[in-house]
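Structure, as structure tokens:
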Amino acid sequence: MARVLVQIGYTKNKKQTQTVKAYVDDLELHWNDNSGKYLTSHKDRKFRNMLWYMYELDLSIESVLRLSVKTYLNGAGIDEERTFEALYQGCDEDDPIKSVDISGVGLRNYPLIKGRIQELSIVSEDDKRKSEIEDFLNEGF
Numbered sequence: 000m001a002r003v004l005v006q007i008g009y010t011k012n013k014k015q016t017q018t019v020k021a022y023v024d025d026l027e028l029h030w031n032d033n034s035g036k037y038l039t040s041h042k043d044r045k046f047r048n049m050l051w052y053m054y055e056l057d058l059s060i061e062s063v064l065r066l067s068v069k070t071y072l073n074g075a076g077i078d079e080e081r082t083f084e085a086l087y088q089g090c091d092e093d094d095p096i097k098s099v100d101i102s103g104v105g106l107r108n109y110p111l112i113k114g115r116i117q118e119l120s121i122v123s124e125d126d127k128r129k130s131e132i133e134d135f136l137n138e139g140f
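Anchor point for the sequence shown: position 43 equals 42 in numbering that gives the first Met the number 0, and the numbering is continuous, going up by one each time.
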């Protein structure tokens with residue numbers, strides 16, 4: 000079992016709406032006081048319309064952590080570079096601790112994920128769109 004910290008939550012403001020959700024073996028992680036720490040205050044939630052929580056979990060080598068990030072730019076639609084799904088797996092206690100920081104995702108100054116993890120895949124909306132176009136162009140040839 001590897002100890003892993005995962006940032007989950009949301010921000011809604013004039014520029015963007017962003018949500019970060021995490022799932023372990025397709026079970027969604029929810030914020031509560033027993034499994035981690037709030038990174039934002041009650042004041043942030045009420046007046047700044049944001050809630051970020053650092054969830055602590057023990058991730059086994061067999062379990063898969065799925066991170067779902069959705070970012071919408073107000074008036075422009077989906078931000079294809081900051082809308083993605085990533086898969087991670089727990090590692091042995093001997094493996095180094097990794098910290099995943101993605102610019103513009105989650106609460107600033109805190110890692111998105113930290114722990115003994117191995118990245119399995121990360122696919123953004125931009126990657127999906129490019130793949131669909133490539134498949135369309137090569138279809139039937």
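Just so you know, even glycine gets a beta-carbon here, dropped at the ideal spot from N, CA and C.
Beta carbon of residue i nearer than 8 Å to that of residue j
{"i": "M49", "j": "Y109", "result": "no"}
{"i": "E55", "j": "R2", "result": "yes"}
{"i": "G103", "j": "L111", "result": "no"}
{"i": "R65", "j": "Y9", "result": "no"}
{"i": "D24", "j": "V68", "result": "no"}
{"i": "K97", "j": "I116", "result": "yes"}
{"i": "K113", "j": "L28", "result": "no"}
{"i": "Q6", "j": "W51", "result": "yes"}
Cβ-based neighbour list, residue i, same chain, cut-off 8 Å, excluding 5 preceding and 5 following
{"i": "Q15", "result": "T70, Y71, L72, N73 and D78"}
{"i": "P95", "result": "R115"}
Cross-strand partners of residue i (DSSP beta bridge)
{"i": "G89", "result": "I116"}
{"i": "K97", "result": "G114"}
{"i": "I121", "result": "A85"}
Residues near residue i in its chain [Cβ-Cβ closer than 6 Å; skip 5 each side]
{"i": "G76", "result": "none"}
{"i": "M0", "result": "D57 and S59"}
Residue-level contact to chain B via CB, residue i, 8 Å cutoff
{"i": "E27", "result": "Here chain B cannot be found, since the structure has a single protein chain."}
Worksheet item: Quick one: any contact between the segment 39 to 48 and the segment 80 to 94, if contact means 3 or more CB pairs under 8 Å?
Response: These segments do not touch.
Worksheet item: Below 8 Å, can you find three or more Cβ-Cβ pairs linking the segment 26 to 40 to the segment 87 to 95?
Response: Because the criterion of three Cβ pairs below 8 Å is not met, the segment 26 to 40 and the segment 87 to 95 do not touch.
Worksheet item: Which whole runs of the beta strand (DSSP E) in the segment 14 to 82 are 3 residues long or more, in chain order?
Response: Counting only runs of 3 or more, we get 15 to 23, 35 to 37, 49 to 58 and 63 to 72.
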